[in-house]
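*Asks:* Following the numbering used here from start to finish, the sequence shown increments by one per residue and tops out at 598.
Here it is: the structure, laid out below.
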Amino acid sequence: MFRVSAREARHHATILACVSAVLVVVLFAATPGRRDLFGYLKGADFVHFYALGAAALTRDADRVYDAERLHRLQVDLVPESADVWYPSVYPPQTSLIFAPLATLPYGLALLTWSLTTLSVYAWAVRAAWRRVRAALPDAVLVAMAAAGFPPFVNLLVTGQTTALVLGAFVLGWRALVASRPFLAGLAFGLLAVKPQFGVVLAFVLLLRGELVILAGALVSIAAQAALAAAVFGTGVFERYAHAFGDPSVVLSQLESHPAQVHSLRAVTSLLPAWMGWPAQIAVSAVAIGLAVRCWRRREPGASLGVVLLATLLVSPHALLYDATILVPAYVWLGAASDGSSAGGRVWPLLCYLTVLTFLLPTARFVKLQASVIVQSCALVIAATRCRRR
């Protein structure tokens, strides 16, 4: 059985965090201008949100969902981004979130968003850990492991928006801990900024009859929709729906290499075309079923931990930075693990394998993405333990 002392784990986590910090500093600060040491645009994903925010300032819904017009605006704002192109498939409220940042020069806007992401992440990790610190007393280990977690480092470097998803889940968890289900629903409704991350939770709440939480989520989503309609007009939702076109084409545009995908689709896409989507639906149904069976409002940490594992696996579009949502899940489930059981004893090994498979995505060398296998094992073990408890 895999064994590592707390001191050794702390040393490993500290080394990983230090190397990650140096990497981020080198990428952002080693070269002047908007290109990093390797010639890539700094905040290559953030530039898309920067353009969305600028489009929102004009209140022009056509520009937000016309990929060519939006790209022209992006290049006007940041000429170095001419080779960076994204389809516009984010809900309209995303543009509104970034509108204030679009009033700043690109470099300052990227720095502001990076600090925002770092702050939300630090708050989320601390909030998740403080509740279970009696079971996980080593604050240094938790902090260093979180700081060096490869998906978080990738999130900082790319300037993506997964911090919003992470914040929504942790806010909802805190409301559940305080026995405020409606407030939890309001927080969970914020997942509408990345709807694919709310699918598993929606099934769980609906099938477990959590009507108060669902009501809060619907109010939150309705408020976001009303704000978007007030800025862009009601026609923005039709444009948003049409922006997807053929989902397979959109996904291929968003994912330049299979090694970027860390959901079940990374495995089901290896099957023949006629089997891929049916297999995706079948295994997703199993993951959702495990999350539904494990839901206990009186144990929101363990329950949401299983939901987060299932969410990453089920999402049709889950890249490396999206796996940042796993950090509170591993904190909660690690605290709930029983070292005397087989599942509890294997949990440290799963933590190490999780970091390793995110550091070295195996799909770059072989077709199979090992991170999906590791997370599937973590889901089964966590769900089994929750059911026994």
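All residues carry an ideal CB built from backbone N, CA and C; glycine is no exception.
Keep in mind it's a predicted model, so treat the numbers as computed, not measured.
Determine the closest residue to Arg502 out of Ala384, Ala591, Val583 and Ile306, with distance taken between C-alpha atoms.
*Replies:* Ranking the options by Cα distance to Arg502, first place goes to Ala591.
*Asks:* Roughly how many whole angstroms lie between the Cα atoms of Gln283 and Tyr449?
*Replies:* Distance between the alpha carbons of Gln283 and Tyr449 is about 19 Å.
*Asks:* Consult DSSP for Arg417 and reduce its assignment to one of helix, strand or coil.
*Replies:* Three-state DSSP puts Arg417 in coil, outside helix and strand.
*Asks:* Give the straight-line distance between the Cα atoms of Leu521 and Glu508, rounded to the nearest whole angstrom.
*Replies:* Rounded to the nearest angstrom, the two C-alpha atoms are 21 Å apart.
*Asks:* For His451, collect the residues of the same chain with a Cβ closer than 8 Å to its Cβ; drop the 5 residues on either side in sequence, then sort them by chain order.
*Replies:* Excluding sequence neighbours, His451 sits near Tyr274.
*Asks:* Is the stretch 339-353 close to the stretch 216-234, with three or more CB pairs under 8 Å?
*Replies:* Yes, since at least three Cβ pairs between the stretch 339-353 and the stretch 216-234 fall closer than 8 Å, the two stretches touch.
*Asks:* Count the CB pairs spanning the stretch 361-381 and the stretch 397-415 that are closer than 8 Å, and state whether there are at least three.
*Replies:* Touching, yes.
*Asks:* Taking the alpha helix (DSSP H) that Gly407 falls in, what are its first and last residues?
*Replies:* Taken as a continuous stretch (DSSP letters only), Gly407 belongs to no alpha helix (DSSP H), as it is neither H nor E.
*Asks:* Output the distance between the C-alpha atoms of Glu447 and Gly407, rounded to the nearest integer angstrom.
*Replies:* C-alpha separation (whole angstroms): 21 Å.
*Asks:* Drop a sphere of 10 angstroms on the beta-carbon of Ser214, count the other beta-carbons inside from all chains shown, and report buried for 16 or more, exposed for fewer.
*Replies:* So Ser214 counts as exposed.
*Asks:* Return the CA-CA distance between Gln578 and Leu569, expressed in angstroms with no decimal places.
*Replies:* Between Gln578 and Leu569, the C-alpha separation is close to 10 Å.
*Asks:* Take Val235 and list the residues in its own chain whose beta-carbon comes closer than 7 Å to its own, dropping the five residues that flank it on each side.
*Replies:* Same-chain partners within the cutoff: Leu246.
*Asks:* In chain order, what residues of the same chain lie with their CB nearer than 8 Å to the CB of Leu473, ignoring the 5 residues before and after it?
*Replies:* Once the five neighbours on either side are set aside, the close Cβ partners of Leu473 are Gln489, Val492, Ser493, Ala496, Leu522, Val523, Val581 and Ser585.
*Asks:* Given a threshold of 16 other Cβ atoms within 10 Å of its Cβ, counted over all protein chains shown, does Gly242 qualify as buried or as exposed?
*Replies:* So Gly242 ends up on the exposed side.
*Asks:* In the DSSP assignment, find the unbroken alpha helix (DSSP H) run with Pro487 in it and report its ends.
*Replies:* Note, Pro487: alpha helix (DSSP H), Ala482 to Cys503.
*Asks:* What is the rounded straight-line gap between the Cα of Leu415 and the Cα of Ala333?
*Replies:* So the two alpha carbons sit approximately 26 Å from each other.
*Asks:* Can you round the beta-carbon distance between Glu277 and Leu250 to whole angstroms, since I take them to be within the 8 Å contact cut?
*Replies:* The pair is not a contact, with the Cβ atoms about 19 Å apart (cut-off 8 Å).
*Asks:* Below 8 Å on the Cβ atoms is my guess for Val386 versus Arg340; work out the distance and round it to an integer in Å.
*Replies:* Correct: roughly 7 Å between the Cβ atoms.
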